[in-house]
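Novice:
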Amino acid sequence: MIHRKSGQLAAVSSLAAFKGFPGESAYCASKAAVNTFLEGMRIRLKGTGVVVTTICPGFVKTPMTDINNFHMPFLVSADSAAQKIMKALENRKSVACFPWQVSALVGLLRLCPDRLIQWLFADYNSSPPCQSG
Ligand SMILES: NC(=O)c1ccc[n+]([C@@H]2O[C@H](COP(=O)([O-])OP(=O)(O)OC[C@H]3O[C@@H](n4cnc5c(N)ncnc54)[C@H](OP(=O)(O)O)[C@@H]3O)[C@@H](O)[C@H]2O)c1
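Going by the working numbering, the residue at position 29 of the sequence shown is 177; the numbering climbs one at a time, nothing skipped.
(1) Determine the extent of the alpha helix (DSSP H) in which Thr213 is found, giving its start and end residues.
(2) To the nearest angstrom, how far is the alpha carbon of Lys167 from that of Cys176?
(3) Suppose you measure from the CA of Ala181 to the CA of Ala165; what does that come to, to the nearest Å?
(4) Should Lys153 be labelled buried (16 or more other beta-carbon atoms within 10 Å of its own) or exposed?
(5) Around ligand 1, which residues pass a check of Cβ closer than 6 Å to any of its heavy atoms?
(6) Ordered along the chain, which non-local residues of its own chain (more than five positions away) have a Cβ less than 7 Å from that of Ile150?
(7) Please confirm whether Ala226 and Val208 have their CB atoms less than 8 Å apart.
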């Protein structure tokens, strides 16, 4: 790609990359690593013609989320997510976060004190869908 001066790298991260959610800490940390890795690549490749796109979805209806037994705000269909991802790739965006409502919500949660997050996620923590976080 560098040799031919064109190309695009993209990876699916998550809005979970922006906050260490209780019960999801391993997932959040792995997505934060994806974002940081791609950020470094983006800066490294600036001016080469190769763009790097980080995709950060909120909740998407897939087998991964079908096991969730909690309310997933602004859940979008896989088709809708695919359209947003295609648009981001076509526009050669650096970071694509969607839907905007969850993106804004995560931005707000980042400002909240730990005690408030603990309270908000109390039910979720008592029975997470999987025990890996
Ligand atoms: N769904 C969401 O709400 C959501 C939100 C944010 C980010 N994401 C991210 O989006 C990506 C896709 O998630 P999804 O919701 O589409 O999950 P999914 O429906 O569970 O699909 C996961 C896909 O990954 C493949 N896979 C799993 N382990 C693999 C392995 N070791 N090697 C190769 N392929 C493997 C599976 O292949 P098989 O079908 O062959 O098992 C499947 O096609 C993930 O990175 C997820 O973290 C999802």
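The beta-carbon is built from N, C-alpha and C at its ideal position, and this holds for glycine as well. Predicted, not measured: the structure shown is a model, and the values here were computed from it.
Specialist: Walking through what the data contain:
(1) Thr213 -> alpha helix (DSSP H) spans Pro211 to Asp214.
(2) For Lys167 and Cys176, the gap between their C-alpha atoms comes out near 7 Å.
(3) Between Ala181 and Ala165, the C-alpha separation is close to 8 Å.
(4) Of the other Cβ atoms in all chains shown, fewer than 16 fall within 10 Å of the Cβ of Lys153; this residue is therefore exposed.
(5) Look at which beta carbons fall closer than 6 Å to any heavy atom of ligand 1; those residues are Val160, Ser162, Pro205, Phe207, Val208, Thr210, Pro211, Met212 and Thr213.
(6) Listed in chain order, the non-local C-beta contacts of Ile150 below 7 Å within the same chain comprise Thr196 and Val198, local neighbours out to five positions each way being set aside.
(7) A contact, by the Cβ cut-off of 8 Å.
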